[in-house]
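See structure below.
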Amino acid sequence: MTLNTSQAQIERLIEPRQKDLGGFSVRRVLPVVGQKMIGPWIFFDHMGPADFPAGQGIDVRPHPHINLATVTYLFEGEILHRDSLGSLATIEPGDINLMVAGSGIVHSEREREVIRNQDHRLHGLQLWLALPEADEETEPAFHHYDKNEIPGTTIDGVPVRVMMGAAYGLHSPVKTFANTLYIEAALAPGQTLMLPSADERGLYVASGQLSVLGQTLDTYHMAVLSPGDVAITATADDTRIAVIGGEQLGPRFIDWNFVSSRAERIEQAKADWRQQRFAKVPGDEDEYIPLPD
508 MTLNTSQAQI
518 ERLIEPRQKD
528 LGGFSVRRVL
538 PVVGQKMIGP
548 WIFFDHMGPA
558 DFPAGQGIDV
568 RPHPHINLAT
578 VTYLFEGEIL
588 HRDSLGSLAT
598 IEPGDINLMV
608 AGSGIVHSER
618 EREVIRNQDH
628 RLHGLQLWLA
638 LPEADEETEP
648 AFHHYDKNEI
658 PGTTIDGVPV
668 RVMMGAAYGL
678 HSPVKTFANT
688 LYIEAALAPG
698 QTLMLPSADE
708 RGLYVASGQL
718 SVLGQTLDTY
728 HMAVLSPGDV
738 AITATADDTR
748 IAVIGGEQLG
758 PRFIDWNFVS
768 SRAERIEQAK
778 ADWRQQRFAK
788 VPGDEDEYIP
798 LPD
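For the sequence shown, position 24 matches number 531 in the numbering used here, and the numbering has no gaps at all.
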């Protein structure tokens, strides 16, 4: 089969920055200077793989968000989610946690004692979606989707999962607020996959290596792609990819954990957090992350 890749281009290559979150580090892909968003996606962290000895693990204390939705997906390990709505959920590999901050929410990310008391590993992605202006102040909500709810298929021998949005004739049940794309795939060396189209797209290599539009894309790198046909070919073992994208929403302000189309809304959220006017997280009321200076 002849694949037409003449229309698409690689607009830029992004190498993530290492960020210390206290006890473990993440690779931050978005936002970056010159590329704040890809479609509605405004934040992309690759967590781990991080290996913890018994007695240690992640302890992300309660912290707030506004005017966005968080998307958490794990390759390995698990995270215990609590939020100010009273939600309590364990996310495991293959599941998706969607937390809609809307007008404001507080959450923590920790681990169950049974996990913490043994050697364990954490590996996954955490992403943020900017909400359309009409939905920025929507009521906060939390949605957990079991791995069996996420549709998958095989394209030319390549297993693909449609995490959010529609692709390859499948439609994910995960709630969206704008035209949103998020897929993952695992390729063996020599396997080729045609990527779904979107107004804006980012192709991330979580492991392995790809050949895309005549260039090599290494592990932990993202290619920002223009519209058009794009075929990728794996050139290393255990190549795992994520593709994010969708419609452009317009500019957003981002400051710490706050995202909004309005700078004054972020200043209000900062003041509310300083004065502890956000709701508490049931079962995790004693600690919180202070607003950075």
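C-beta atoms are modelled at their ideal positions from N, C-alpha and C, and glycine is treated no differently. Just so you know, these numbers come straight off a predicted model, no measurement behind them.
C-alpha distance - residue i paired with residue j, whole-angstrom precision
i: threonine 597; j: alanine 738; result: 36 Å
i: asparagine 555; j: proline 600; result: Residue identity check: residue 555 is glycine in the sequence provided, not asparagine. Approximately 14 Å between the Cα atoms of the pair.
i: serine 704; j: histidine 570; result: 35 Å
i: glycine 697; j: tyrosine 711; result: 18 Å
i: isoleucine 521; j: proline 799; result: 26 Å
i: proline 680; j: arginine 772; result: 31 Å
i: arginine 568; j: methionine 544; result: 26 Å
i: leucine 595; j: isoleucine 612; result: 14 Å
Residue i burial status per 10 Å Cβ neighbour count (16 or more: buried)
i: glutamine 716; result: buried
i: asparagine 511; result: Reliability of the predicted coordinates at asparagine 511 is poor, the pLDDT of 45 falling under 50, and no value is obtained from them.
i: glutamate 616; result: buried
i: glutamate 691; result: buried
i: arginine 888; result: Residue coverage of the chain in this structure runs from 508 to 800, which leaves residue 888 outside it and unanswerable.
i: arginine 619; result: exposed
i: proline 797; result: exposed
i: arginine 524; result: exposed
i: proline 789; result: exposed
i: valine 665; result: buried
Sub-9 Å separation of residue i and residue j beta-carbons
i: alanine 786; j: arginine 747; result: no
i: methionine 701; j: tyrosine 580; result: no
i: leucine 688; j: glutamine 516; result: no
i: histidine 627; j: phenylalanine 559; result: yes
i: proline 639; j: alanine 695; result: no
i: aspartate 706; j: glycine 546; result: yes
i: serine 889; j: glycine 757; result: Since the first residue of the chain shown is 508 and the last is 800, residue 889 is not available in this structure.
Spatially closest choice to residue i from the options, by CA coordinates
i: glycine 735; options: Leu720, Asp745 and Val539; result: Leu720
i: leucine 677; options: Gly584, Ile657 and Thr723; result: Ile657
i: isoleucine 603; options: Lys654, Ile622, Arg628 and Met544; result: Lys654
i: histidine 572; options: Leu592, Tyr727, Asp642 and Val607; result: Val607
i: alanine 561; options: Gly753, Pro523 and Gln625; result: Gln625
i: aspartate 566; options: Leu528, Ala730, His650 and Ala770; result: Leu528
Integer-rounded CB distance, given that residue j should sit under 8 Å from residue i
i: leucine 605; j: valine 578; result: 6 Å
i: alanine 637; j: arginine 759; result: 5 Å
i: glycine 709; j: arginine 623; result: The Cβ separation is near 33 Å, so there is no contact.
i: alanine 776; j: phenylalanine 765; result: 5 Å
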